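K.L.:
Residue numbers (the numbering used here): 656 to 827.
No residue lacks a Cβ here, since even glycine has one placed at the ideal position from N, Cα and C.
Because the structure is a prediction, the values reported are computed rather than measured.
Below, the structure is given as C-alpha cells:
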C-alpha cells in the first residue's frame, strides 16, 4: 500500500497482519481525497481518523496538506504499525495517536475540521458517532450506504467494490 498523492506520494504504508483491519484501497483513497480537495477542506485542516488501522487515510490527509491528524485505534497491532508508519514517513510531529474506541476519541478530540471514519464492516451505530462529532464534515466508510441521520445531510455516496463512501455534512 502506498500514499496516493501529495508530498509523500509513492511512499510505502505498512498494514497490520491478519484481518483485524481492512485498509482502504488506493483507488478509494484517491477518490475520497480528490473529493475532499474539490471541497477545499484539506489544506491546513485538523483531521480525526477514527478506527485508524494502519493510518492510511490520515496519512493521505497529511500528505495532501492537512496540518495535523489525530489517529484513534483500539487494536494493539494496528497501533504498533500505525506508529511505525508515522515514524518512517517522518509525520510524528504532525500526528497524535490515541489508543481507545471511537466514542472516547470523539469525546476527547473536539478541535477538528473533518472526520475520517472507517469502522469494521459490521458497524451500524452511525447515529451514536454522528451525535458526538464536533466537526461539520464526516467521511464514512461502510459495507452499506449510510442513511442520512437527523441533523446531517448526505452529500454523496460512492461505491468502490464492497465499500460505500458517504460524505455527510451537518445541517445548520
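1. Under a Cβ-count criterion, where at least 16 other Cβ atoms within 10 Å of its own Cβ denotes burial, should residue 776 be classed as buried or exposed?
2. Among all the DSSP beta bridges, which residues are the ones paired with residue 704?
3. With a threshold of 8 Å between beta-carbons, can residue 776 be considered close to chain C, or not?
4. Alpha carbon to alpha carbon, how far is residue 686 from residue 802?
5. Which one of 756, 657, 716, 741 has the shortest CA to CA distance from residue 768?
6. Can you name the residues that DSSP bridges to residue 752?
7. Below 8 Å on the Cβ atoms is my guess for residue 793 versus residue 772; work out the distance and round it to an integer in Å.
8. Rounded to the nearest angstrom, what separates residue 711 and residue 827 at their Cα positions?
9. Closest to residue 678 by C-alpha separation, out of 736, 698, 804, would be which residue?
10. Mapping DSSP to helix, strand and coil, what is residue 820?
P.N.:
Once the coordinates are examined:
1. By the beta-carbon neighbour count (other beta carbons within 10 angstroms, threshold 16), residue 776 is exposed.
2. According to DSSP, which records beta bridges pairwise, residue 704 is partnered with 726, 771.
3. Looking at the structure shown, chain C is missing, and only one protein chain is on hand.
4. Note on geometry: alpha-carbon atoms of residue 686 and residue 802 lie some 21 Å from one another.
5. Of the residues 756, 657, 716, 741, the one whose Cα lies closest to the Cα of residue 768 is 716.
6. Beta-bridge pairing links residue 752 to 726.
7. Residue 772 and residue 793 do touch by the CB rule: their CB atoms are close to 6 Å apart, below 8 Å.
8. Spanning the two alpha carbons is a distance of roughly 30 Å.
9. Out of 736, 698, 804, the CA that lies nearest to the CA of residue 678 is found in 736.
10. Note: residue 820 maps to strand in three-state DSSP.
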